Amino acid sequence: MKTITPAQQEIFLEPAQDEQYCQENVIEILHLKNGATLGAVHRSTTDSVSADVSLYFDTGAYRDPIPGIAHLMEHLVSHNPDTTAKENDTHYAASTSARTVYFIVAGVANPDVQDFGVWPVLPVLLDTLRNPFIEREAEDALQKEKAVVIREYHETEPRRAKGFTRFIDTHLLGKKHPNHTPILGTEETVNSITTRDVTNYSSRLFTPHNLIIRVVTEGDLKTTHVLRDEIIRQFGTLESDKKPVRISQEIEDSLNPEYKNGSVYSKFWDDSRAPYTVNFAWLYQLPEYSFETIPE
C-alpha cells in the first residue's frame with residue numbers, strides 16, 4: 005500500500021512567487037460579518053467574461069478525529085452541484101489539498117445574463133453548506149466513497165497548491181494554524197469511519213468561520229464587482245458561528261472606517277495604487293496570531 009508522508013503534503017510559498025502573483029492580479033480580501041472570508045481576484049488578460057468560484061474549508065487535519073475524514077467529506081458532497089453545473093455548461097470539481105477541502109465551479113459569468121453559467125450554481129453551492137451530508141442512503145454512499153478515496157491513495161500523488169490556493173494555504177490558513185502537519189489518512193483509518201463520524205465532522209467543517217470563498221474573474225472588471233456582491237448577498241445569509249474567526253483589534257483599528265459597514269466586515273486592499281496591482285505589504289507585518297477566536 006502506498007503511504008503518503010507528511011513531507012509530501014507540505015505546501016511552501018516563496019516570497020518572490022507570492023509577490024509576482026500579487027503584482028499580476030487585482031486582489032481583494034473581504035471578511036464577512038458571519039466569519040466567512042471572500043477573496044476576489046481579477047485578471048485583465050482576456051476579453052472573456054468567465055469566472056470560477058471556489059469554496060475552501062480548512063480541514064484542520066491536525067485535529068481530525070480520524071485521519072482521512074476530510075478527504076471523504078469531499079466525495080460525499082460532490083454530486084448535487086455537478087448536475088446543475090452541467091445544465092448550465094459549467095465545470096464543477098471537488099478536491100482535497102493538504103489543508104483544505106474545496107469545491108470549484110468555472111464557466112461563463114456574464115453579469116448581464118445571470119440565468120446561465122456560474123450564476124445558477126451559486127445557490128446550489130450555498131445549499132452544500134447548509135446540507136453537507138444527506139442522511140438518506142447514507143450508509144451505501146459512505147461505503148462507495150470510502151472505496152474511491154482508498155483507490156485515490158494508491159493511484160495519485162498529492163499535488164502542490166498553486167496561485168490563490170497556495171496563497172490561502174500559506175497566509176490565510178497559515179496565520180490561523182501555524183506549523184501544523186496535516187495527515188490525510190490511510191486505508192485503515194478511512195475504513196474505520198462511520199456515518200456518525202461523518203455527521204459530527206460535517207457540522208464542524210462546513211461553517212462560515214471555516215469558509216474561504218475564492219472568486220477569480222477574467223475580462224471586464226464589472227464581472228468581479230457583480231459576482232462579488234452577489235456572493236456576499238447569498239453567503240452572508242449563513243448564520244454566524246458561536247466562535248467566529250476575526251482579524252485582531254490592532255489590524256481592525258488600522259482599516260478605513262468605510263470598509264466596516266454593510267455586509268463586508270473588513271477589507272484589505274490598497275486601491276490607491278495603479279490598476280491591476282495590489283500592495284500586500286500588510287501581509288508580512290501581521291503578527292503570527294493576528295487571526296483570533298472571539299470568546300463567547
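Numbering-wise, the numbering used here puts 271 at position 267 of the sequence shown, and it's gapless, one number per residue.
Positions of the beta carbon are idealized from the N, C-alpha and C atoms, including for glycine.
Since we're looking at a predicted model, the values are computed, not measured.
(1) Please state the DSSP three-state secondary structure of residue 248.
(2) Taking residue 193 as the reference, give the member of 229, 112, 154, 57 with the closest Cα.
(3) With distances taken from CA atoms, which of 199, 215, 224 is nearest residue 58?
(4) Using the beta-carbon count (16 or more within 10 Å), is residue 152 buried or exposed?
(5) Contact defined as beta carbons within less than 8 Å: I believe residue 47 pairs with residue 222. What is the distance between those atoms, to the nearest angstrom?
(6) Give me the Cα-Cα distance between residue 107 and residue 78, rounded to the nearest whole angstrom.
(7) List the whole-angstrom C-beta distance separating residue 94 from residue 117, where the pair is believed to meet the contact cut-off of C-beta under 8 Å.
(8) Decide if residue 233 is buried, meaning its Cβ has at least 16 other Cβ atoms within 10 Å, or exposed.
(9) Rounded to a whole number of angstroms, what is the C-alpha to C-alpha distance between residue 200 and residue 73?
(10) Could you name the residues of the same chain whose beta carbon sits closer than 8 Å to that of residue 114, not counting the 5 residues immediately before and after it, in chain order?
(11) Can you tell which of 45, 62, 39, 75 has its C-alpha closest to the C-alpha of residue 191?
(12) Would DSSP call residue 70 helix, strand or coil?
(13) Using a Cβ-Cβ cut-off of 7 Å (strictly less than) and excluding sequence neighbours within five positions of residue 225, which residues of its own chain qualify?
According to the structure data:
(1) Residue confidence is low: residue 248 scores 34 on pLDDT, short of 50, so the model does not pin down where it sits. Its coordinate-derived value is still stated next. When secondary structure is reduced to three states using DSSP, residue 248 falls in the coil class, being assigned neither helix nor strand.
(2) Among 229, 112, 154, 57, the Cα nearest to that of residue 193 is on 154.
(3) Minimum Cα distance to residue 58 is reached at 215.
(4) Counting Cβ neighbours within 10 Å, residue 152 comes out exposed, since fewer than 16 surround it.
(5) Yes, they are in contact, since the Cβ atoms of residue 47 and residue 222 sit about 5 Å apart, within 8 Å.
(6) Distance between the alpha carbons of residue 107 and residue 78 is about 8 Å.
(7) Contact check for residue 94 and residue 117: beta-carbon distance about 13 Å, past the 8 Å limit, so the pair fails to qualify.
(8) By the neighbour-count criterion, in which a residue is buried when 16 or more other Cβ atoms sit within 10 angstroms of its Cβ, residue 233 is exposed.
(9) Taking the straight line from one Cα to the other gives about 12 Å.
(10) For residue 114, where only same-chain residues beyond five positions count, the Cβ hits under 8 Å are 53, 120, 121, 227.
(11) Answer by Cα proximity: 75.
(12) The answer is coil: DSSP assigns residue 70 none of H, G, I, E or B.
(13) In chain order, 46 place their CB closer than 7 Å to the CB of residue 225, counting only its own chain and leaving out the 5 sequence neighbours on each side.
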